[in-house]
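Peer 1: Sharing a structure here in structure tokens format.
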Amino acid sequence: MTGQRPAAPGFWRRNQRRLAPILFLAPAVIMFTVFVVVPVIESLRLSLYDWDGLSAPRFIGLGNYVELFRDDPVFWTALKNNIYWLVAFLVSPALGLLLALFLNQSGFGMRFVKSLYFMPFVISQVVVGLMFSWFFNADFGLLNHILEGFGLPPVALLESENSATFVIIAAGLWPQVAYCMILYLTGLTAINPELLEAARMEGVKGFKLLWHIVLPQLKPATSIALIVSVVGALRSFDLVSVMTDGGPYQSSTVLAYYMYEQTFGAFRIGYGAAIASCLFFLMDICIVIYLIRSLPRARAR
1 MTGQRPAAPG FWRRNQRRLA PILFLAPAVI MFTVFVVVPV IESLRLSLYD
51 WDGLSAPRFI GLGNYVELFR DDPVFWTALK NNIYWLVAFL VSPALGLLLA
101 LFLNQSGFGM RFVKSLYFMP FVISQVVVGL MFSWFFNADF GLLNHILEGF
151 GLPPVALLES ENSATFVIIA AGLWPQVAYC MILYLTGLTA INPELLEAAR
201 MEGVKGFKLL WHIVLPQLKP ATSIALIVSV VGALRSFDLV SVMTDGGPYQ
251 SSTVLAYYMY EQTFGAFRIG YGAAIASCLF FLMDICIVIY LIRSLPRARA
301 R
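Numbering (the UniProt record's numbering), first residue to last: 1 to 301.
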């Protein structure tokens, strides 16, 4: 009498190791495709058309890009301002690190002090923009009241083409530095205290301790801070809209705000898509530069 042959394993058992990673990754890949890849492709496609959103779109090839680069001085002003934002925001990780090192201590009232530094990140960008607009207002702003108290003439920084952009950047740096500070505070709490104690016993202290022991342990926080700062600089829309509407005379506009103006103000959907594509490629350039610099170091480790 022969025993029954064992049943063949099912499809899932035979392919479990191969299918499990796919099933785990599928939701994220689908979301990324729907909300990132498809909009980028659609934006690139729309940038090849002249379309007002109502009539039939008319294919014009690279006409929008030719006008953008050759005949539109506002685009170059917006691009220049975005570069100013980018350079200024790259300082925020360093400022956040300094604040984190200062606040990374125990003592009476330190939690309250930390919450004060954390507050700018919690506040909405619109509220930050309104606060700075009132502070720098030429008629009733607190800054001019302070200057008058010292016998100095009032200034109109937000009404000047030469200073409006930098005032808005200062408003943007306030919450950005707070966010970088939070990242570094989290990283500092994760550093092994035994490693610091061993370094001190070897005579390492001060700047050498910071450079050779602390900063290498904070590389993950630094990477996140740099990426978030670059993204924050290139998507600078809220503060520009609230504080100056891109003025005076479009001197403080940025690519994101200029794209909004052309798309929803002038009803030039294709032209706005071309501006969005340029902003996307600018962000890609920043990401590629970061990867080129970071990947060799990661492989060396």
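We treat Cβ as the ideally placed atom computed from N, Cα and C, and that holds for glycine.
With DSSP as the reference, label D50 as helix, strand or coil.
Peer 2: Strand at D50.
Peer 1: In three-state terms, what does DSSP make of F267?
Peer 2: Coil at F267, not helix or strand.
Peer 1: Assuming F89 contacts Q176 (C-beta within less than 8 Å), just tell me the rounded distance between them.
Peer 2: Right, their Cβ atoms sit about 6 Å apart.
Peer 1: Inspect the beta-carbon positions of A138 and A156 and report whether they are closer than 7 Å.
Peer 2: Contact flag set, yes.
Peer 1: Could you name each continuous alpha helix (DSSP H) segment of 4 residues or more that falls completely within the stretch 121-182, going from the start of the chain to the end?
Peer 2: List check, alpha helix (DSSP H) in window: 125-135, 142-149.
Peer 1: With distances taken between CB atoms, is the gap from V143 to F135 smaller than 7 Å?
Peer 2: Checking the sequence shown, residue 143 turns out to be Leu, not Val. Cβ atoms of L143 and F135: closer than 7 Å.
Peer 1: Looking only at its own chain, which residues have a Cβ that is under 7 Å from the Cβ of A178, when we skip the five neighbours before and after it?
Peer 2: So the qualifying residues of the chain are Y117, F118, P120, F121.
Peer 1: What does the alpha-carbon distance come out to for the pair Y49 and V254?
Peer 2: Roughly 23 Å separates the two Cα atoms.
Peer 1: Can you name, in chain order, every residue of its own chain whose Cβ lies under 6 Å from the Cβ of K259, other than the five neighbours on each side?
Peer 2: The identity of residue 259 in the sequence shown is Met, whereas the question assumes Lys. Excluding residues within five positions, the ones whose Cβ falls inside 6 Å are G272, I275, A276.
Peer 1: Report the CB separation of L215 from S92 in whole angstroms; it is logged as a contact under 8 Å.
Peer 2: Between S92 and L215 the Cβ distance is about 16 Å, and since that is not below 8 Å, they are no contact.
Peer 1: On a CA-only basis, which of I224, K205, E161 is nearest C180? Give me that one, please.
Peer 2: Among I224, K205, E161, the Cα nearest to that of C180 belongs to I224.
Peer 1: If you follow the alpha helix (DSSP H) that R200 is in, where does it begin and where does it stop?
Peer 2: Its alpha helix (DSSP H) spans residues 193-201.
Peer 1: Going by DSSP in three states, S294 sits in which element: helix, strand or coil?
Peer 2: Helix, per DSSP.
Peer 1: The alpha helix (DSSP H) with I227 in it runs from where to where?
Peer 2: Residues 219-234.
Peer 1: For a quick check, are the C-beta atoms of G247 and L46 less than 7 Å apart?
Peer 2: No, these two residues do not count as a Cβ contact at 7 Å.
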